[in-house]
Amino acid sequence: MAHKLGVVILAAGLGKRMKAYGPKSAIDISSDQTVISRQINIIQSCFPKYEITVIVGFQKDKVIEKIPSLISYIENKKYDSTNTSMSVNLALNKNNYSKLLIIYGDLVFTDDIFKETPKNNSWIAIDNEKNQRSMEVGVNVVDNNVVHFSYGISPKWGHIAMLTGNELSLYKKITNDKRSHKKFCFEIFNEIIDQSGIFKAHMNNNWKMVEIDTSKDIDRAKKLVKRG
Numbered sequence: 609m610a611h612k613l614g615v616v617i618l619a620a621g622l623g624k625r626m627k628a629y630g631p632k633s634a635i636d637i638s639s640d641q642t643v644i645s646r647q648i649n650i651i652q653s654c655f656p657k658y659e660i661t662v663i664v665g666f667q668k669d670k671v672i673e674k675i676p677s678l679i680s681y682i683e684n685k686k687y688d689s690t691n692t693s694m695s696v697n698l699a700l701n702k703n704n705y706s707k708l709l710i711i712y713g714d715l716v717f718t719d720d721i722f723k724e725t726p727k728n729n730s731w732i733a734i735d736n737e738k739n740q741r742s743m744e745v746g747v748n749v750v751d752n753n754v755v756h757f758s759y760g761i762s763p764k765w766g767h768i769a770m771l772t773g774n775e776l777s778l779y780k781k782i783t784n785d786k787r788s789h790k791k792f793c794f795e796i797f798n799e800i801i802d803q804s805g806i807f808k809a810h811m812n813n814n815w816k817m818v819e820i821d822t823s824k825d826i827d828r829a830k831k832l833v834k835r836g
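Last residue of the sequence shown: 836 in our numbering, with the numbers rising by one and none dropped.
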């Protein structure tokens with residue numbers, strides 16, 4: 609329904625550096641939480657009206673068994689030959705939303721990230737953690753607007769984004785073209801910006817975030833969860 613917030617959790621990817629661990633979203637980070645179950649719990653506590661869709665692909669059954677039965681999922685059957693832009697598009701073409709929250713399925717974060725977000729605007733979460741890897745995707749910010757995404761710059765994109773209005777319409781239009789399906793979400797965001805889209809930079813030093821990309825990141829995520 610259009611009045612609800614759509615939430616897309618991207619959990620289809622292979623994660624080549626951690627393939628032996630299976631889907632990163634299904635990794636245990638405490639005695640009673642996986643990465644994706646924690647994400648879902650935070651969404652449920654922070655938003656009054658929402659509809660969550662999990663995009664699955666690589667070892668899909670391991671992810672599906674970790675999500676509540678009331679949460680819907682869509683399989684990206686081409687997960688190994690397409691990219692995150694297509695996974696989001698699958699959800700957009702199934703549902704009609706006025707706002708869409710995109711969350712990468714390998715993120716462990718605190719609920720502070722959804723506090724004091726830009727109102728009635730599309731926004732990009734900015735990760736200010738100093739231990740981010742230097743070659744990860746970063747953003748250029750001018751007057752609190754994200755004006756470009758690129759590798760090797762700082763601050764870093766936190767792999768969470770809210771799309772609404774013109775930016776949401778442009779995302780759907782661009783990704784309905786099959787030529788975009790091998791692109792990352794940030795590449796689509798650059799195209800949206802080039803077409804006069806506006807993304808506010810959402811920065812807050814209170815939140816904590818860990819992107820699970822190595823075994824050491826699992827340990828960092830577990831420590832974050834213990835701290836609350």
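We put the CB at the ideal spot given by N, CA and C, even for glycine.
Give the DSSP-derived three-state secondary structure of residue i in the structure shown.
i	result
Ile-801	helix
Asp-785	coil
Glu-775	helix
Tyr-687	coil
Phe-792	coil
Met-817	strand
Met-743	coil
Lys-808	strand
Asn-753	strand
Gln-629	Before going further, note that residue 629 is Tyr rather than Gln in the sequence given. DSSP places Tyr-629 in helix when its eight states are reduced to three.
Asp-640	coil
Leu-709	strand
Asn-704	coil
Phe-666	coil
Ala-619	strand
Met-609	The predicted model places Met-609 with a pLDDT of 44, which falls under 50 and marks its position as unreliable; any figure quoted below should be read in that light. If DSSP states are grouped into helix, strand and coil, Met-609 belongs with coil.
Ile-682	strand
Asp-735	strand
Ser-677	coil
Lys-764	strand
Exposed or buried, residue i, counting other C-beta atoms within 10 Å across all chains shown (16 or more means buried)?
i	result
Phe-792	exposed
Lys-685	exposed
Gly-805	buried
Ala-619	buried
Met-609	Low local confidence applies: a pLDDT of 44 at Met-609 is under 50, so the model's placement there is unreliable, with the coordinate-based value given in what follows. Exposed is the call here.
Met-743	exposed
Gly-760	exposed
Ser-777	exposed
Glu-819	buried
Glu-775	buried
Lys-668	buried
With a Cβ-Cβ cutoff of 9 Å, do residue i and residue j count as a contact?
i	j	result
Val-556	Phe-655	Residue 556 lies beyond the residue range present for the chain, which begins at 609 and ends at 836; the question has no answer from this structure.
Leu-700	Leu-708	yes
Lys-808	Ser-706	no
Leu-715	Ile-637	no
Ile-644	Ile-617	yes
Thr-661	Asn-703	yes
Asn-728	His-789	no
Gly-713	Pro-763	no
Lys-723	Tyr-658	no
Leu-814	Phe-757	In the sequence as displayed, the identity of residue 814 is Asn instead of Leu. Contact flag unset, no.
Ile-711	Ile-782	no
Lys-816	Glu-737	yes
Mind reading off the beta-carbon distance from residue i to residue j? Whole number of angstroms is fine, and I expect it under 8 Å.
i	j	result
Gln-647	Val-833	Contact flag wrong, Cβ pair sits at about 12 Å.
Ser-689	Ile-796	17 Å between Cβ atoms; not a contact.
Ile-734	Trp-765	7 Å
Asp-720	Asn-812	6 Å
Val-664	Ala-634	Contact flag wrong, Cβ pair sits at about 10 Å.
**Message:** With three or more beta-carbon pairs closer than 8 Å as the criterion, would you say the segment 746 to 756 touches the segment 808 to 821?
**Reply:** yes
**Request:** Indicate whether the contact test is met: 3 or more Cβ pairs, each with one atom in the segment 624 to 631 and one in the segment 817 to 828, closer than 8 Å.
**Result:** yes
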